[in-house]
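Worksheet: the structure to be examined is printed underneath.
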Amino acid sequence: MRIFKTTLCIGGISILLESSSKDFIKSIKSKYNNFLSFVEEDNYFKIVFSQGKFLKKDEGIIVKRDGSNYSIKGEGFCGYLDIKRKTALVNISFKENVFNLFLRIFYSLILPFYEGFLIHSAGLKKGDDSYILSGPSSSGKTTAARLADREFCILSDELVIIRKMWGVFTAFATPFPGEFTGCIKNDKAALKGLFFLNKNLIVPYAIKSRLETLVSLLENIFFFCPDSESNRLIFNICGEITNKIRGYDINILYYSDFGRIMYEITEENVCPQP
Amino acid sequence: MKLQKKMFVRSPDTAWQDIEDKTVIVTPRTKKIHIISGSGRSIWSCLEKPQKLENIVELLCGEYEVSVQQARDDVSRFIQDLVDKKIVKVVD
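Protein chains in written order, with this note's numbering: chain H, 1 to 274; chain A, 1001 to 1092.
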């Protein structure tokens, strides 16, 4: 049987995707064009897909862990992921939205082992710096991305990857969009400010304490695993971030150019409180 | 549950950090964030190893100006709350 392949790189982590379906791989190449990786690597995750039929609607997403193995089940897919061996076998319905949901869950599970996580937020990049505007559904992530589109490179309007790379917390673009219709390129930049969208804020912005920042970060992380090791890893990374990067509540409705304000307030408040 | 005869210890599933003057605890299964402060932190600190309720009461009475009965009532309530939230587990 002929096997078709392609490689994606998301959040600096490469995945080799294999399937016997030429159309499936072709559609991935087309829809994830900006995230294709052409670098020969031997350190990637290998995911083998086979086509499955899912007649029943599943009851949400179920993730279980046994040692380094995860079993993952969602609407339209089920499979196994071995973190140590960097392999996954997935039975999936070959639909783009199902594949995208699988990828989101896959990355949410592996990122803690790469000092990272996925967070519900819009990500904006300007020069060598990036900012995240985090919040739940309807908090204004897509609005922020649209308003900032001219001035900033948009990393996402829905889910951003944050990873510690060579000692620097870095925000990565993802192919996990919300409603943003603009182009998202595979980009990254050092994280400079953590902003939490708050429509009820009666002032334009407010500096958060380290504790408040940690709690807000944890509340907005996209994560499905119930095991204590992964949670501890995420918790420790978040604690470290709050030591280095200050958090703010922000009401973007106050500003016509909130991007400039974000830049200015992060310049003014470089060092967080211990 | 009669707390007096039991021993209690931090649940191994929890992750926690001291931040500012509080302790932030995350329970993976419920994905809830719990924040404790003041005497609660003293209790959390001593629960690193299995403890009987009376040991914790003794510790609190040494640290705070509180009667033994008041400390016993407060510790019982607090420990029961931590057990209910699966932050602390009962050891036989």
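Built from N, CA and C at the ideal position, the CB exists for glycine as well.
- Task: Check the C-beta distance from A189 (chain H) over to D128 (chain H) and give it rounded, since I have them as a contact under 8 angstroms.
- Result: Contact holds; Cβ gap of about 6 angstroms.
- Message: Within the continuous beta strand (DSSP E) that includes F196 (chain H), where are the two ends?
- Response: Note, F196 (chain H): beta strand (DSSP E), 188-197.
- Query: Closest by CA to F1078 (chain A), which one among A:K1031, A:W1044, A:I1033, A:E1058?
  - Reply: Closest option to F1078 (chain A), judged by alpha-carbon separation, among A:K1031, A:W1044, A:I1033, A:E1058: A:W1044.
- Query: Using the beta-carbon count (16 or more within 10 Å), is V1068 (chain A) buried or exposed?
  - Reply: Taking all protein chains in view, the Cβ of V1068 (chain A) is surrounded by fewer than 16 other Cβ atoms within 10 Å, so the residue is classified as exposed.
- Of all the residues that make up the region 1049-1060 of chain A, which are near chain H by a beta-carbon distance shorter than 7 angstroms? Listed by position along the chain: nothing, the set is empty.
- Message: Just to make sure I have the definition right: I need the residues of chain H whose C-beta is within less than 7 angstroms of the C-beta of M1029 (chain A). Which are they?
- Response: One detail in the question is off: residue 1029 (chain A) reads as Arg in this sequence, not Met. In chain order: P226.
- Residue burial classification, D157 (chain H) (beta-carbon count within 10 angstroms, cutoff 16): By the 10 Å Cβ count, D157 (chain H) comes out buried.
- Task: Could you confirm whether any beta carbon from chain A is found closer than 9 angstroms to the beta carbon of V63 (chain H)?
- Result: False, the Cβ-Cβ gap to chain A never drops below 9 angstroms.
- Item | Whether L109 (chain H) touches S230 (chain H) by CB criterion (9 angstroms) | Contact: yes.
- Where C9 (chain H) sits in the DSSP three-state scheme: Correct three-state label for C9 (chain H): strand.
- If you draw a straight line from the C-alpha of G60 (chain H) to the C-alpha of I202 (chain H), how long is it? Rounded to the nearest angstrom, the two C-alpha atoms are 37 angstroms apart.
- Can you tell me the Cα-Cα spacing of V1090 (chain A) and I162 (chain H), whole angstroms? Straight-line Cα distance between these residues: approximately 37 angstroms.
- Task: Evaluate T181 (chain H) with the Cβ neighbour count: other Cβ atoms within 10 Å of its Cβ, from every protein chain shown; 16 or more gives buried, anything less gives exposed.
- Result: With a threshold of 16 other beta carbon atoms within 10 Å, T181 (chain H) falls short and is exposed.
- Neighbour-count burial assignment, S137 (chain H), 16 or more Cβ in a 10 Å radius: Its Cβ having fewer than 16 others within 10 Å, S137 (chain H) is exposed.
- Item | Complete beta strand (DSSP E) runs within the region 122-167 of chain H (minimum length 3 residues, chain order) | Positions of the beta strand (DSSP E) runs, each at least 3 residues long and wholly inside the region 122-167 of chain H, are given as 129-134, 153-156, 159-165 in order along the chain.
- Item | Within the region 13-81 of chain H, ranges of the beta strand (DSSP E) (whole runs, at least 3 residues) | With a minimum length of 3 residues, the continuous beta strand (DSSP E) runs that stay inside the region 13-81 of chain H are 13-19, 45-51, 62-66, 69-74.
- Query: Quick check: the region 92-100 of chain H against the region 37-54 of chain H, are there 3 or more CB pairs under 8 angstroms?
  - Reply: The region 92-100 of chain H vs the region 37-54 of chain H: in contact.
- Please compile the residues from chain B whose C-beta is within a distance smaller than 8 angstroms of the C-beta of I1019 (chain A). Checking the listed chains, one finds no chain B in this structure; the protein chains it contains are H and A.
- Message: Is the separation between the beta-carbon of T7 (chain H) and that of S27 (chain H) shorter than 9 angstroms?
- Response: It is not a contact, given that the beta carbons lie outside the stated cut-off.
- is_contact[W1016 (chain A), chain H] using C-beta, thresh 9 angstroms: Answer yes: the Cβ-Cβ gap between W1016 (chain A) and chain H drops below 9 angstroms somewhere.
- Just curious, the alpha helix (DSSP H) that I1043 (chain A) is in, first and last residue? It spans 1039-1046 - the alpha helix (DSSP H) in which I1043 (chain A) sits, taken as one unbroken run.
- Minimum C-alpha distance to S1037 (chain A) - residue among A:V1009, A:K1022, A:E1058, A:E1063: The shortest Cα separation from S1037 (chain A) among A:V1009, A:K1022, A:E1058, A:E1063 belongs to A:K1022.
- Mind listing the chain A neighbours of N231 (chain H)? Cutoff is C-beta to C-beta under 7 angstroms, in chain order. Within chain A, the residues near N231 (chain H) are A1015, V1026, P1028.
- Task: Give the secondary structure of K1022 (chain A) by DSSP, where H, G and I count as helix, E and B as strand, and everything else as coil.
- Result: If DSSP states are grouped into helix, strand and coil, K1022 (chain A) belongs with the strands.
- Query: Mind pulling the chain A residues with CB within less than 7 angstroms of F235 (chain H)?
  - Reply: Near F235 (chain H) (Cβ distances below 7 angstroms), the residues of chain A are A1015, Q1017, V1026.
- Over the uninterrupted beta strand (DSSP E) stretch that includes Y205 (chain H), give me the two end residues. Following the DSSP letters along the chain, one finds Y205 (chain H) inside the beta strand (DSSP E) bounded by residues 205-207.
- Query: Using CA coordinates, which residue listed in H:I261, H:F258, H:Y255, H:I234 is at the minimum distance from V1026 (chain A)?
  - Reply: Among H:I261, H:F258, H:Y255, H:I234, the Cα nearest to that of V1026 (chain A) is on H:I234.
- Whole-Å CB distance - I1019 (chain A) paired with L217 (chain H), under 8 angstroms assumed: About 12 angstroms; that fails the 8 angstroms criterion.
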